[in-house]
Structures are given as structure tokens and as C-alpha cells.
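Novice: So the sequence shown is numbered by the numbering used here: it starts at 18 and just counts up by one.
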Amino acid sequence: MAALTDQSITELAAQISSRKVSPVELVKAHFARIKEVNDKVNAYVLLTEEAALAEAKQAEAEIMKGQYRGPLHGIPIGQKDLIETKGVRSTAASKVMANHVPTRDATVVTRWRNAGTIMLGKLNTHEWAYGPTNDSSCFGPARNPWNTACFSGGSSGGSGAAVALGMAVGATGTDTGGSIRIPSAACGITGLKPTYGRAPRAGIFPLCWSMDHPGPMARSVEDCALLLQPLVGRDPLDAATVDRPAADYMGALKGGVKGKRIGVVSRHFYAKADVEVERAVREAVKVLEGLGAQVEEVDIPDIDHAATAALIMYLSEGTAYHDDWLNEHSALFTDQVRTFLELGHYVLAKDYIRAQRFRTHLGQQVADAFERVDVLATPTLPITAQPIGQATTTVRGKEVPVFGSLIANTEPFNLTGLPTLALPCGFSSKGLPISLQLTGRPFEEGRVLAVGHAYQGATDWHKKRPKL
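Below, the structure written as C-alpha cells:
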């Protein structure tokens, strides 16, 4: 049997519920793994070992009394440092918040804790979640587990590296322009950005209120489904959350892909991707077709402008949130994030309104595409992970910016708020992960998860593990 740090939630839950493995044993195994490999990737920035072991002992006692809470009871997870944790330092990887110890848990922390998860510590992030590389953090960059000279992706880079290396069974991520899906893709794991308003943002430092999405990161679609289940639902502390019953996400996995209509948007997503990326993702689509899906080419005419609209929103909403700190503690921000926040002062109200109008326009175009298909299948990223600090890369003989390339395929689905899944589908010739992105209609997380689960049932990319 695989090591405890390399098993799925389903496998671990079966052993915990039958008392073959104790939560204490599982938590200790994960801390041993953290001490073995964390220094190589800088995923964890703070450990809560004493509290975690106490919670594990409590979970063990509850289970022995027959008070088993469900498949997440006793499961070790990590929390992104953008997310507030009561009594535990939460910094957003910024010196501005170096001594911030919250007096409350974020709602997502509370919901996972109530389901029985055990927090091992806080995970590295791009400062204030304002970047796709995780190389701008007061703790230093989070490194890629497949090649430590490369970035892990951002902003949830610590989450991606920790899950990939078996330092957590699952982790929280947040996604404003791709920050769950980018590190999931770069680190070779699975990550889900739910529909906007599906999971609550209360207690999470905002980047862009109108596009921030929390969600789960794990090694498989099945594990993401299990982690998503307790997260969703209306929260009185977050007015954007919807009062809509949660689906049975594990049950939805049985839906499969047969008869589903898969849309391929070649012009924006594939034509601008690295050749190796395009090849791997098209092969993944062929696998879905072989499983009974119907594949159809579709177009979203104005999707190329999504990045511009999203940038206007980041700049304006981000600066609105940070302006007081920027005025009082400018020197405490990293150069990259300070520059973005200063640029926000130059965005005009009319530009913001135009960006919001475009957002509505793009949403209608995407809805039109979904009249013809059930799920869109695209590359999550047009490139693979790049060396830390490298500003440009070459795609199809053309020099392109790394930053812009990383968010090109993910941002449109933050603008439209659609449920989107990233899952591994291959490797480049340099041994770096390549990822398939699946997007569905609003609140159809179950359908997206079903397609992803069917793909993972027919392939083993998600079972590959980095060897440092």
C-alpha cells in the first residue's frame, strides 16, 4: 500500500473510519513529510504542529466513540496564508500584515474544520494574491516540486507544492485570475474554482471583490469533490454567496462523460499555446471522445479582450482595498505588488464601467457557446512553469510575457464566474506538468467534476508524483 502521505481522501477515510489508521498517525506522517521536503520548495510558512496533534487526538477519541463525522474527519490539510485563521498568524505573505493574528476563522476554515479536517499550517502565496507566479512573497518564492528552479504558480503556490509533494492531502486556494488553477497546473495536481458565490469569501483578504473565488486543491477530482461539499452554501457574512442547495458532488461523479458535448475553443486557447501543451490537451480531448463525449469546435468572438477588462478590475478594486496601507506603509509592499497598486490610481471610473459592461457582453457570448455544448475543454495554461524571475518565454517562435501568458486562459472564467477545473494531462519534454481545463455552466460543478473524474478514470497523470 502507498505511504499515508500519498493516498487519496477516499482511501484514508476508509482506513480512519474502520480504525485501521488513526488521525494521530496520519498527522504525524504528514509532519514528518513536511520536515523532509518543505525546505526545498518553501510551501509552508508556518506550522501548527501542537494544535494539529491535539485536534488529531480529539478526532481519534470521537471516532472511537462512534462519532465519525464523515470522509474528511481526521484528514490533514493546509490553509493558504491569504485566509484568516483564529489565533494563528495570517499575513497574505506581506510585511504589511507580519504581526496579524486574527480573532476569527474565515468561513471556509470553519466549514472544513466542522467537517473534521485538521490544519497542519499556513501555506505560501503571492503577496496579497496579486500575481500568478508566487515569486513575490515576504517569505520568498514557493518552488515547483518538479523543478525547484521554476515557480510553483500563483497565487496559491504553496498549496500546489504542498499537495503535490504529500505535505497535505488537500489545501485551500483562492482564484481571482487563475490562482487555484495556475498552481494546480504548474504542480501537476487538481484544483477547482467553483461558481462565483458558491463558496464564501468572508475572512479571506480580497484582491478583487467581484472576481475572488475560494476553492479546493487536491490530487484528484474525487478528492476535490469531497473537499468542495462542506464549503458551499450561503454565508450571512458574504452577500455574494447564493442561497442554493448544494449538489451531491460525489454522486455527480457517476455521471461520466458519455453523451456530453465538449466544446473546443481553438482560436484563443489552443492557437496561442506552446506546441507541446496543445498536443497534450488535444490528446486529452480525444480520451474524452473515446469515452463517449461528442466534441465540437465553438468560438467566443471577443474572448481575447478578457485580460484587458480583468486588469482594469484588479487595478481599481485592488487599489481601493489597499489604498490606506499603501499610503502608510508603502515600503513594506514588494516592488511588484506596490507597482500594481500604484497603477490602480490611474484607472478612470469610465474605464471600470466599460470593463464591467464588457464582462456582461463576454458572459453572454460564453452563454451562447453553452447553448451548443455542456463543457468547454481548453489548456489551463498555454505554457508550463518557467524559471523563477524569468519575465518572458518563447511560444511558437514568438517572445511572450510569462505573466500575461499564465492568466490568458484562466481569467475569462473569473470574469464570467463559471465553475472551472484544472487537472493534469501530461508532461512537457522538460518533465513539467501540462493541464487540462474544464469549464461548465453556472452552478454545474457536478457536471464538470463528472467529466474530469471520467478522464482520471481512464488516465493516470494525476497519480504521477514528483521526486525531489
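All residues carry an ideal CB built from backbone N, CA and C; glycine is no exception. These numbers come from a predicted model, not from an experiment.
By DSSP's criteria, residue 393 is part of a beta bridge. Which residues make up the other side?
Specialist: Partner(s): 280, 456.
Novice: Mark residue 475 as exposed unless 16 or more other C-beta atoms lie within 10 angstroms of its C-beta, in which case mark it buried.
Specialist: Result: exposed.
Novice: Give the straight-line distance between the Cα atoms of residue 441 and residue 287, rounded to the nearest whole angstrom.
Specialist: Roughly 16 angstroms between the two C-alpha positions.
Novice: So, does the region 453–462 touch the region 402–421, judging by three or more C-beta pairs under 8 angstroms?
Specialist: No: fewer than three Cβ pairs fall under 8 angstroms.
Novice: Buried or exposed: residue 253, going by 16 or more other Cβ atoms within 10 Å of its Cβ?
Specialist: Exposed, since its Cβ has fewer than 16 Cβ neighbours within 10 Å.
Novice: Using 10 angstroms around the beta-carbon of residue 97, count the other beta-carbons present and answer buried if the total reaches 16, otherwise exposed.
Specialist: So residue 97 ends up on the buried side.
Novice: To test your reading of the DSSP string, which unbroken alpha helix (DSSP H) runs of 4 or more residues are found completely within the region 86–135?
Specialist: You should have 124–131.
Novice: How many angstroms separate the CA atom of residue 108 from the CA atom of residue 349?
Specialist: Taking the straight line joining both Cα atoms gives about 12 angstroms.
Novice: Run through the DSSP bridge pairs and tell me what residue 167 is partnered with.
Specialist: Answer is 404.
Novice: Which parts of the region 420–482 are runs of the alpha helix (DSSP H), unbroken and 4 residues or longer, counting only runs that do not cross its ends?
Specialist: As far as the region 420–482 is concerned, its whole alpha helix (DSSP H) runs of at least 4 residues are 429–432, 462–475.
Novice: Within 10 angstroms of the Cβ of residue 26, are there 16 or more other Cβ atoms? Answer buried if so, exposed if not.
Specialist: Buried is the call here.
Novice: My understanding is that residue 182 touches residue 483, with C-beta atoms under 8 angstroms, so please give their C-beta distance in whole angstroms.
Specialist: Going by Cβ atoms, the distance from residue 182 to residue 483 rounds to 6 angstroms, so yes, they are a contact pair.
Novice: To which residues of the same chain is residue 314 closer than 7 angstroms at the C-beta, ignoring the five residues directly before and after it?
Specialist: 281, 283, listed in sequence order.
Novice: Taking C-alpha atoms, which residue in 276, 51, 104, 246 lies nearest to residue 9?
Specialist: A question about residue 9 goes unanswered here, because the residues of the chain that appear run from 18 up to 485.
Novice: First and last residue of the alpha helix (DSSP H) that includes residue 2?
Specialist: No statement about residue 2 is possible, as the shown extent of the chain runs from 18 to 485 and does not include it.
Novice: Under 9 angstroms between C-beta atoms, does residue 437 make it to chain C?
Specialist: The question asks about chain C, but that chain is absent: this structure has only one protein chain.
Novice: Go through its chain and collect everything with a Cβ distance to residue 347's Cβ below 8 angstroms, but skip five positions before and after it.
Specialist: Result list for residue 347: 355, in chain order.
Novice: Residue 233 bridges to which residues according to DSSP?
Specialist: Answer by DSSP bridge pairing, in chain order: 189.
Novice: Could you pull the DSSP bridge partners for residue 311 from this structure?
Specialist: Answer is 278, bridged to residue 311.
Novice: Does residue 37 come out as helix, strand or coil in the three-state DSSP assignment?
Specialist: Coil, per DSSP.
Novice: Rounded to the nearest angstrom, how far is the Cβ of residue 191 from that of residue 89, given a contact under 8 angstroms?
Specialist: Not quite, the Cβ-Cβ distance comes to about 20 angstroms (not below 8 angstroms), so this is no contact.
Novice: How big is the Cα-Cα spacing for residue 197 and residue 329?
Specialist: Near 21 angstroms, if we compare the C-alpha coordinates of residue 329 and residue 197.
Novice: Using 8 angstroms as the cut-off, can you tell me whether the region 242–251 makes contact with the region 446–453, which would need three or more C-beta pairs spanning the two stretches below that distance?
Specialist: The region 242–251 vs the region 446–453: no contact.
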